[in-house]
Structures are given as structure tokens and as C-alpha cells.
């Protein structure tokens, strides 16, 4: 209740006041004494803070009383200490009294007084802070000290200097929080020991009178303590060198920096002398060096050299270095390195490397003698090869890899007492590659020639291939029967030809069919004898063939044809034997063909069956087997497959004569295969058994004969009878000797009597002439093969030529033509009718 | 001691004859000390044999060298290259080398050091002399 009442009263009062305030005028607020203090105990001042002025000008008055006295005094001085202050000067200040001070604020409306303030002068004494604080660093003997100096606070009243202040200093390093407070005393300076280097310090100072309070701290002062404050370390002398044995230079390594700039001095003394000199020239040779020129260089004396480093803190001296100039010579590298390529006597190239000594070295007077050494390596190589050259300034290099690049360096040294110079800059050398023109030319020529030769060889091979093969493997030469007129053959008229051959009435007419023909087969056992004269290769085959046949034949003996043959046949005659060469038999047959109508030697048809043999290109030709009628085909495999000669039928090309002649001339083992044959036959359209390979191959006519030997080999049919004589004149007939009738041959029914054969029924197998006895002469039922059959057979096979030999050699007839194996069939055959 | 030129210029300034004499004098001066030295070190057991033989070999070289120089000088004199104005005989001063029979004033290493230096002097003088007398000979 009370609270509520008081609060409500306060609210009312506030409202009244604000009402009054709003109205703008009221009595002043209560001032407040802020502070009273005395600087030096003899005077003091008080300050107050005024309250609100109430909107009206306000006066402030200060009243005080001393101790417990009743008298109230007013402030003697309002101005000295500034506004709202009261200054009590000396006269009014009594340090041992207590003042009771109040301030009253007065305005038109009313007044207000502050609370009383009891002031004891002694307790309010507080001097100002000291001023002019300075800091200084002093280092002595490598110890750094910090000096702080200041001045006492200023006093208005100068005359009273008797104040003794007591000071206090505090410092701290920047960044730290805690101050180190040092009691200084009454001095106005202080030396701070134990100062860390490289640290910034903050210093403040304050003072106090003998009574009272401490003043405020003065403003801060900061200072940086420098680092490294020490004398330098010991320098060292690195080396001394003379480039030309006339001057020399010494270099040293400077001492570490002690925080201050360092200067170096070089001092030297000579052997035997006491005096110490300083370096004459610090500059010429660069920093940290000393250059001794000619005047200051003495040889054969020892120099004692030292270097001294000095800085603000102190100095230091290096160790002594003893030098005798004669032994410290190190020249510069050689210069003017040049290369020259030269050719020696035997055309081998070599390099001459020349150089000159370094420019400073005086080699000419002999004062300095240099020795050289060079090193070289391949550009892509790894190891250097070092060569000591001596005192000469050139070097010859042999046996270098041509085309490669070398790197060369040279250095030199005095011949005695010195050290090697630096290597000269790298010199690159390219060895030129030697094109030996001679070698190239030789190789080129060789290459061209060989290629040329190869070309020629291959061309020859291509063109003359046949001939080469023929040269290597010669065929059996053909028959050398001549006698047929080439032109006749060429003309191609069979009748004329046949008439020339002496065959009249050829082909045989049908008369022959009626006749029983006794087959006589003439043995060609001469083959064995005559073989050596011929190609063995071919004959061997014949031989092979023969034994088969002869085995079957038992009719040998006195009637053997060999004996007869041996008598009759000579030389060229032998050729006519069927045993020898089939070609001859062909020719024989062919000869017989031409113009001899009576002869039936050939089982060839007349006109279109004449077989030309190409004369120009003798090639292999195969003899076609004489194709006999199949049923009565005594097969004699006389022909050899190898050298069978093809004689093909051709109507257009009648070259029989040339064949006969030509073959002999050429005597080629291989007869030309006629391409014309091929054509002609094709024209015919009947090429049953004709296999032709053009060009170089032998036309091998299919030979029935060898294939089917067996069925046709009828031993019965084969009967060899020796020719008794050949009768030419009246009734040309071949008289055969009697033949022993072995009884095997049924057909021979007339034993002992000689038989006359005037007709050739057929030609078997190139060398067997199947003779027919004349019908009216004999009555022997000699089975005769109808001659008609043969032409038919022959007709059937165009391609196959039937050539057979007359085994017998009608020598009498043909003796006239010795040069040619010509048999005139007309001599032993009556003309056919 | 002997006064010897201490540098190239001094050496080149000296006339040839004087240089020749100087060389000869140097060589002469070292004869005796070397022989003394040889005798001295022979008694030293601690030295290896190589050093002893080498020392002896070098000691023998010096008189030979002197003889050679004398011969060359004679030849040069005869050819007129050198005009002998001084007395050719080498003085027996043995100057410059504090060797005495009584005591070795010098230690062995010092002795060797001095010898090395003087031999280098002789060599340099000879080379300069050579190039002055016969400049075409690789000078």
C-alpha cells in the first residue's frame, strides 16, 4: 500500500516536473564534485560537474569549510583550473586540514547544492606524469643497453623546485601483456639491462611525491633493439694464382656479416723482410681479391699473406697463407684452335689440329714453357680420350671415323711447377665422309654388267629354250632317208607323190582284200647291233621292247633276218632297218608311198595322209604308232616314247621329202612338232587320238600300239623270216627264205619253199613290213591281211601314221642311191592293180 | 747470398754473358752442398731407399749440368754469340748457401726447399738464355 502510494506520488511529482520542464524552467540540477586534487601539496583544485541547468543560466558557487569550523568560505579562484573548477592557492591550502566542499548551482528559479565533499589535501596530492620520455640504445662490448630518460612534470609555479619526485618505470616487449615495473628512484633516467635483441620495447614512467598518489603513467615510448651486434668472423684465403708467371692474384672468402658492414684488408710480408704491406690493388681482380702487378711480384720469394676483416664491433684476421709465385702458375686455356683436313701420301685423310698458347703467356722468351694436352670424344660418346701432346702446338689425328662429329678440348700447364689450365671451349669437328669415287664406279659398273648379262641370259632362255633342252637332251635323230622330192611333197598332190615313190595304184585296192595274205614279219633284230650307232637312249628302249617280242618269237635261226641283214645292210642301210630308227622306216615307207602304186608298204592313204614334217623347226615329234587293223595288229613296241616322231597328216603341207632329208640333216632327236599339224588336223575334225602339244613339247600321238601290246601280240603272227632275196626285175618280190615252221604259226603252210612276196600288206609298228605273197604265185594259204583294211584303218586315224619298216633291205635296189637310204619299193613289189 | 734477378724483366735485361755466368755460378755453388747433403742423409736410416737414390741422382746431375752449360757457352763463344767479357771461371764462393762443414745451419727440408728454388732459377735462366741465343728453337 505504501509502495503503491510512494510510487504514485513519484509519478505525480515526475509529471509535475516534466510539466514544469516542458514549460522550460525550473531550478537547476544538483552539481557533483568530480575531483579534487593537488599537484604539489601546496595548492589544490576541485572540479565539479554541473547538473542540468534547468533551461536558465546557472551560477555555480563553491563553498567550503575547514575542518569543523562553521565558517564557510567561497572559492577563491574559479578560473585557474578551468571551468567548473576551483583553485585553492597556497594561501588557502592547508595540507593538514580537511575541507568540506560543496557546490551550489543557482538560477533564477532556484538553487541546488551538491553533496559535500570532504577533502584531505594530503590525500589528494597526485603529480602529473613525467614528460619527455626518451629511449636510447647503447652497446658497448657486445652488450646492448637501453637507456630511458624523462623529465618531471611541469609545475605552474616554477619557484618551488623542491619537489622531489619519486619515479617508477615500467616496460614490456611489444605484444606482451604484462609490464615489468621498475622503481627508478628520484633520477630521471634509467638503464635497462638485459635487453633482448631484435625486440621492440614499450616504456612508461610515472612519478610521485613523498605523499600522495602516483601520477598517471606517461605516454608510451617504443624502441626497437637491433640484432647482431658482434665483430666479424675469421675470413679465409681461398687461393692465389698467377696466369702468366708475372703477376698474381689472391682471393679470399669474406667473413660472415656481424650486422655491420665489414671491410677487409689484405696484408702481406715477404720472406726475410719485416715490413708489412697492404694489397696494392683491390679492384682489378674483382671483389674480395687482391691483384699484385709486376712491380709487386717477386719470384723465388715467399709471401706471407693475411686478410683482416673489420666492422664496428671488432675485427678478425685470417690464417696466414704462404705463397711462392713460381709454384702457383695456372695459365689460361689455349686459343685459336683450328682444324685442317689433309691427305697423306697414301690418300688417307687426317686432321691437323693447331692452336696457340694463351695470349698472356710469354712463351717466346722462354720464361714460361707450356705443355699441352688434348682430349676428344665422339659427340654421342661418353668417355674422353686424353692425349698428351707436349710442347708442340699442333697435333695430327689419324683413323677417325668418317662422317661423325668429334668434340675436342685442349688445356695446358707450365712444364714445371704449375697446374693445368681450364679446358678450352668445346670444338666440334665433323669428319667428312669419303666418297670413294672409284669404289662407287666399280660397283655401278659391276651391277650394270651383271644385270645386262642376266637379261641376256633370260632372253636366250626364253627364245631358245627348246634348243637348250634339246641340246641337253638330244632326241633321237630322225631317219635320213632322202629321195623324195621336197617340192613334190610341198605341192601336196598325193598322186604325184605316190608315183614318185613308185607306188602305183596306191592305196591298195579291194583286190587285196581277197587275197590271203601271209603275214611275214621281218624281224628287226638288227636293232641290237645297230644300236650303238644310234642314240643309246632311244635304242635302249627299243631293246627293251624287242626282247618281249622276240621272246614270243621262236622262229629264229637260219632264217633270221639279222644274218641277212648283216649281209645286205651296210652303213646307211642299217638305217633303213626298222630296228634302228623308226624315222627311217618312215621315210622308207614314205618313199615307197610316193608314186609306187604297187607297193603297199605304207598303210597310208594317198593324198591326205602324207605326213609332213616340219623341217624348219625340228622339234620333238613322236612317232605315232603304226596303226594296223585292230584285229590283226602285231604290236611291236619298237617305238620309244621318248623319241617317237610325230608325223602328222596334213593335206596342205607335204613335206615328206624334206622330212626325210631334213631329218637326216638335222638329225635332231626331236622332230618339229607342227603347229600346222595341229591346225590341219583340226580342220579335219578327226582327231581322235591326237594329242598335240605345241611349241616345245613333243607331239605325242597316242599310241595305241604300246598300250595294247598284249592283245595284239600274237606270237603266231609274228614270224620272222629272213629275206632271201629281193627280186626286182620282172616280178618284184621279196623272196623270203624258208622259214622253219615251228608249227606255231599256223598260217605258214608252206614249209621249205621260198615264198615270194610281192605285196606289202601292212606295215606294222614302224619297222615291220607285212608282206603279202602274190596271189598267183603261191597257193599257200598265207593269211593275208586284206590290204584294204589298212587304208581304212589308216583312214580312220589320220593322226596316226603308219610307218613301218621294211626290215629287209633290198640292197640291190637301192645301191644306186648310196647317199640316201632310199628304198625303191617298186623294186620288189608288183604294181597293184 | 748471391744476387739473382727476381723476375722476367730483370732476367731479360741482363746481358747474355752475365746471365751465363750467373747460371754457372749457381751451379757451381750447389756442388759442394749437395755432396754434403748426400753424405748427411746417407746416415739417415729412416729415409726410404728411393729417396736416397733419387737424391744421389739429382746431386750427380748438377755437376753434369754445369759441364753442359760450360760446353754450350764455349760453343756460343766460339760462334761469336757470346762475347766473353768476364772471367769465365766460376768463383768458388759458394755464396748464398749457408752450408758449412761444421754444422748444418739449415734443416733438411729447408735445404731441399732452397735447392728446389735455385734449380728452378737455373732452369728459368737457361730457358731465357736459350731463347735469346737461338730464338728459332721453339721460342
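Chains as they are written, first to last, in our numbering: chain L, 1 to 833; chain H, 1001 to 1139.
Built from N, CA and C at the ideal position, the CB exists for glycine as well.
According to DSSP, is residue i part of a helix, a strand, or is it coil?
{"i": "residue 1060 (chain H)", "result": "helix"}
{"i": "residue 409 (chain L)", "result": "strand"}
{"i": "residue 375 (chain L)", "result": "strand"}
{"i": "residue 1014 (chain H)", "result": "coil"}
{"i": "residue 238 (chain L)", "result": "strand"}
{"i": "residue 133 (chain L)", "result": "strand"}
{"i": "residue 565 (chain L)", "result": "Residue placement at residue 565 (chain L) is poorly supported in this model, since its pLDDT is 44, which falls under 50; the coordinates are not used for a value here."}
{"i": "residue 199 (chain L)", "result": "coil"}
{"i": "residue 397 (chain L)", "result": "strand"}
{"i": "residue 25 (chain L)", "result": "coil"}
{"i": "residue 347 (chain L)", "result": "coil"}
{"i": "residue 1028 (chain H)", "result": "helix"}
{"i": "residue 571 (chain L)", "result": "At residue 571 (chain L) the pLDDT is 43, less than 50, meaning the model places this residue with poor confidence; the figure from the coordinates comes in the next sentence. Coil."}
{"i": "residue 309 (chain L)", "result": "strand"}
{"i": "residue 208 (chain L)", "result": "strand"}
{"i": "residue 72 (chain L)", "result": "coil"}
{"i": "residue 540 (chain L)", "result": "Low per-residue confidence applies at residue 540 (chain L): pLDDT is 42, beneath 50, and the placement is therefore not dependable enough to give any value."}
{"i": "residue 1037 (chain H)", "result": "helix"}
{"i": "residue 1019 (chain H)", "result": "helix"}
{"i": "residue 560 (chain L)", "result": "Its pLDDT being 47, under 50, residue 560 (chain L) is placed unreliably in this model, and the coordinates cannot settle the point."}
{"i": "residue 603 (chain L)", "result": "The predicted model places residue 603 (chain L) with a pLDDT of 39, which falls under 50 and marks its position as unreliable; any figure quoted below should be read in that light. Coil, per DSSP."}
{"i": "residue 290 (chain L)", "result": "strand"}
{"i": "residue 443 (chain L)", "result": "helix"}
{"i": "residue 1077 (chain H)", "result": "helix"}
{"i": "residue 1004 (chain H)", "result": "coil"}
Taking Cβ-Cβ distances shorter than 8 angstroms, what residues in chain L pair up with residue i?
{"i": "residue 1128 (chain H)", "result": "365, 366, 367"}
Using a C-beta to C-beta distance shorter than 8 angstroms, which residues of chain H count as neighbours of residue i?
{"i": "residue 416 (chain L)", "result": "1120, 1123"}
{"i": "residue 246 (chain L)", "result": "1007, 1008"}
{"i": "residue 249 (chain L)", "result": "The contacting residues do not exist; residue 249 (chain L) stays about 16 angstroms from chain H at best."}
At 7 angstroms on the CB atoms, spell out the chain L contacts of residue i, in chain order.
{"i": "residue 1012 (chain H)", "result": "365"}
{"i": "residue 1138 (chain H)", "result": "391"}
{"i": "residue 1117 (chain H)", "result": "300"}
Quick test of your reading: residue i and residue j, contact by CB under 8 angstroms. State the CB separation rounded to the nearest angstrom.
{"i": "residue 300 (chain L)", "j": "residue 326 (chain L)", "result": "6 angstroms"}
{"i": "residue 1028 (chain H)", "j": "residue 1066 (chain H)", "result": "6 angstroms"}
{"i": "residue 424 (chain L)", "j": "residue 333 (chain L)", "result": "4 angstroms"}
{"i": "residue 43 (chain L)", "j": "residue 89 (chain L)", "result": "5 angstroms"}
{"i": "residue 127 (chain L)", "j": "residue 208 (chain L)", "result": "7 angstroms"}
Residue i versus chain H: which residues are under 7 angstroms apart at the beta carbon?
{"i": "residue 298 (chain L)", "result": "1006, 1007"}
{"i": "residue 326 (chain L)", "result": "1120"}
Tell me where the alpha helix (DSSP H) around residue i begins and ends.
{"i": "residue 388 (chain L)", "result": "Where residue 388 (chain L) is concerned, there is no enclosing alpha helix (DSSP H), although the beta strand (DSSP E) it sits in stretches over 385-390."}
{"i": "residue 1109 (chain H)", "result": "1108-1133"}
{"i": "residue 465 (chain L)", "result": "465-472"}
Going by the DSSP bridge assignment, what does residue i pair with across the sheet?
{"i": "residue 1045 (chain H)", "result": "None, per the DSSP bridge assignment."}
{"i": "residue 414 (chain L)", "result": "L:370"}
{"i": "residue 104 (chain L)", "result": "L:61, L:113"}
{"i": "residue 314 (chain L)", "result": "L:311"}
{"i": "residue 44 (chain L)", "result": "L:88"}
{"i": "residue 98 (chain L)", "result": "L:120"}
{"i": "residue 189 (chain L)", "result": "L:149"}
{"i": "residue 33 (chain L)", "result": "L:48"}
Which first and last residues belong to the beta strand (DSSP E) in which residue i is found?
{"i": "residue 148 (chain L)", "result": "143-151"}
{"i": "residue 223 (chain L)", "result": "221-224"}
{"i": "residue 176 (chain L)", "result": "Note, residue 176 (chain L): premise wrong, no beta strand (DSSP E); not H, not E."}
{"i": "residue 264 (chain L)", "result": "263-270"}
{"i": "residue 126 (chain L)", "result": "Careful: residue 126 (chain L) lies outside any beta strand (DSSP E) and carries neither H nor E."}
{"i": "residue 249 (chain L)", "result": "248-253"}
{"i": "residue 324 (chain L)", "result": "321-324"}
{"i": "residue 155 (chain L)", "result": "Unbroken run through residue 155 (chain L): none, as it is neither H nor E."}
Can you pull the chain H neighbours of residue i, defined as C-beta to C-beta under 9 angstroms?
{"i": "residue 354 (chain L)", "result": "Those do not exist, as residue 354 (chain L) stays about 14 angstroms from chain H at its closest Cβ, beyond 9 angstroms."}
{"i": "residue 362 (chain L)", "result": "1008"}
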